[in-house]
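Novice: Numbering (the working numbering), first residue to last: 6 to 354.
By construction, the Cβ of each residue, glycine as well, lies at the ideal position given by its N, Cα and C atoms.
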Ligand code: FDP
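1) In whole angstroms, what separates the C-alpha of residue 6 from that of residue 195?
2) Under 8 Å by Cβ, that's how I've got residue 256 and residue 221 pegged, so tell me the actual separation to the nearest angstrom.
3) Considering only residues of the same chain and omitting the five flanking positions on each side of residue 125, which have a CB-CB separation below 6 Å?
4) Answer with buried or exposed for residue 272, where buried requires no fewer than 16 other C-beta atoms within 10 angstroms of its C-beta.
5) Does the pairing of the stretch 288-295 with the stretch 187-206 give three or more beta-carbon distances under 8 Å?
6) For residue 108, which residues of its own chain have a beta-carbon under 7 Å away from its beta-carbon, when the five flanking residues on both sides are left out?
7) Considering only residues of the stretch 154-192, which uninterrupted alpha helix (DSSP H) runs meet the minimum length of 4 residues and lie entirely inside it, listed in chain order?
8) Would a C-beta distance cut-off of 8 Å place residue 149 and residue 121 closer than the cut-off?
9) Between the Cα of residue 5 and those of 97, 179, 309, 80, spot the shortest distance and give me the residue it belongs to.
10) Check the DSSP bridge columns for residue 143 and list the partner residues they point to.
11) Please name the residue or residues paired with residue 201 in a DSSP beta bridge.
12) Cα separation between residue 84 and residue 128?
13) Starting from the C-beta of residue 282, find all residues in its chain whose C-beta is less than 8 Å away, skip the five residues before and the five after it, and write them out in chain order.
14) Given residue 247, which residues of its chain have a CB within under 8 Å of its CB, disregarding the five upstream and five downstream residues?
15) If you draw a straight line from the alpha carbon of residue 42 to that of residue 223, how long is it in whole angstroms?
16) Any chance the stretch 31-41 sits against the stretch 152-164, with 3 or more Cβ pairs inside 8 Å?
17) Can the beta-carbon of residue 334 be found less than 8 Å from the beta-carbon of residue 265?
18) Would the C-beta of residue 329 count as close to the ligand FDP, meaning under 7 Å from any of its heavy atoms?
19) Work out the CA separation of residue 327 and residue 294 for me, nearest whole Å.
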């Protein structure tokens, strides 16, 4: 076999893929394409730091708390700054908002504003950093809707179904970037030797039914009895409904959702007596991941309705999350609404 014969049919870099996608829209200005490029560049820089985190003395606490009261680690700060620096001067973004900042992040007056709005969680799952477990970056892109030149809070508080693009970067065994612009989901793996994200997972589809449930069961005591009933039910033995299901919980949303995309199943972070809206943020976590999940053929709800239809009232709003395979989401919805026979039984006991 010659070396030409053994070469893959076509090596598609993320740049090539984004450009090919843009070509489907003859009126596209190229700004979104370039914005996604910029994010891919920031992702490579963050991946580099994540990978040498143990070597450089970058680990450890920065001695700060983020606006949601979580502990901030140095890598969070690094990732936050790099995403900002990759985008602030490009003239493509009108305003940004980060999980790490309390208020919106304006574009400095000296730079031109563009027509896009970027919301991001620079380093999700950061409590896993010291254990060298997977972490991620999540991003959500909207079009600016306010009238003036510079973006406002109103631009950031749009419902998820108006996103024009969303995705995440997973810093795991390898670094992957997964994104959607509303026409399916594509995944790219970073080839470190050439410094390029290469298309490795074209057209990702989540299986309609999964065999895994993923939740932090430490919160069981605070859950609504219907959530408890569901989690008890998935552990029972019944071949017809593919039970018992396996439990998997990394505690890093990007990693847990990525696994759910690949293998199917249900990832959930329910509300509880302690935290009625759960823990996850609508704009930085739930909404972009819901867009990806729906575009891959799955579903994402807050227990009642679509996450993508939730009206955002504040930047750091939280929401309960149930996302994954369509059948699994519809099953848990039946439990939560009290329609499932197993819950009706519970009510008559
Ligand atoms: P982390 O606090 O480590 O940053 O919302 C952040 C998040 O991780 C998610 O990535 C993860 O799914 C969730 O919190 C884990 O929360 P619990 O520790 O309560 O399970």
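Specialist: Reading off the structure:
1) Its pLDDT being 49, under 50, residue 6 is placed unreliably by the model, and nothing is read from it.
2) Their Cβ separation, rounded to whole angstroms, is 7 Å, which keeps residue 256 and residue 221 in contact under 8 Å.
3) Same-chain partners within the cutoff: 88, 103, 144.
4) Looking at its Cβ environment, which holds 16 or more other Cβ atoms inside 10 Å, residue 272 is buried.
5) No, they do not touch.
6) For residue 108, same chain residues with a beta-carbon under 7 Å away, outside a window of 5 residues either side, do not exist.
7) The qualifying runs are 158-161.
8) Yes, these two residues count as a Cβ contact at 8 Å.
9) The shown model of the chain, from 6 to 354, leaves out residue 5, and the question about it has no answer.
10) Beta-bridge pairing links residue 143 to 126, 173.
11) 196.
12) C-alpha of residue 84 to C-alpha of residue 128: approximately 6 Å in a straight line.
13) Here the set comprises 276, 322, 323, 324, 325.
14) Excluding residues within five positions, the ones whose Cβ falls inside 8 Å are 214, 216.
15) Cα to Cα, residue 42 sits roughly 39 Å from residue 223.
16) Touching, no, given that fewer than three Cβ pairs across the two stretches are closer than 8 Å.
17) Their beta carbons are not under 8 Å apart, which means residue 334 does not touch residue 265 by this criterion.
18) No, since every heavy atom of the ligand FDP falls outside the 7 Å radius drawn around the Cβ of residue 329.
19) One C-alpha to the other measures close to 11 Å.
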